[in-house]
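Heads up: the sequence shown begins at 4 in the numbering used here, then just goes up one per residue.
Presented below is the structure to which this report refers.
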Amino acid sequence: MALQVYILEQSFNRILIQKQAFAQTFYDRLFEQFPQVKPLFRNTDLKLQQNKLLGALALVVSNLRHPEKLAEPLKELGKRHASYQVPPEHYALVGTILVVRSISARPR
Ligand code: HEM
């Protein structure tokens, strides 16, 4: 399926209006539904982490129309995650919370 850039941009704009609540809810749901990821964050300041996640998502969404600008920073982000000992199968868990759950949490 082709990447639906416009839909991603629009939905991210809606997230930005309430970005702190979004980021807080993201980690709450991640830890509640997939407690196996919790040990990775045992030394993490979650407030700071929420803002780092938002920054990374903003970088991706603002460059969806210029993917060549994403290759290098995302490669580096991936390398750092390998150094944090994030196993590959955890990305699907994060993806489930990030995309599916946040869509279902859309205000009515
Ligand atoms: C959409 C995919 C992801 C994005 C955009 C993302 C983004 C980030 C960012 C921006 C940081 C800040 C540090 C840095 O830039 O290296 C970070 C740190 C971290 N991420 Fe991720 N991440 C993703 C996936 C994951 C997954 C799947 C896990 C494991 C469940 C994970 C666990 C961590 C941990 C343990 C840290 C270090 C926290 C600390 O500094 O104490 N991330 N992530």
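For glycine and all other residues, C-beta sits at the position ideal for the given N, C-alpha and C.
Residues in the same chain with beta-carbon distance under 7 Å from P76, minus the five sequence neighbours each way, listed in chain order, please. By one-based count along the sequence shown, residue 76 stands at place 73. Correct list, in chain order: L62.
Between which two residues does the alpha helix (DSSP H) containing H93 stretch? Against the sequence shown, residue 93 aligns to sequence position 90. From DSSP, the alpha helix (DSSP H) with H93 extends over H93 to G98.
Return yes when at least one heavy atom of ligand 1 lies under 7 Å from the C-beta of Q52, else no. Reading the sequence shown from its first residue, position 49 is the one you call residue 52. Flag set: Cβ of Q52 near ligand 1.
Length at least 4, wholly inside the segment 21-59: the alpha helix (DSSP H) runs in chain order: 22-36
C-alpha gap between H93 and P42, whole angstroms: Numbered from 1 along the sequence shown, position 90 holds the residue referred to as residue 93. Numbered from 1 along the sequence shown, position 39 holds the residue referred to as residue 42. Roughly 13 Å between the two C-alpha positions.
Following a CB-centred definition, is K55 positioned closer than 7 Å to any heavy atom of ligand 2? Only ligand 1 can be found as ligands here, which leaves ligand 2 out of the picture.
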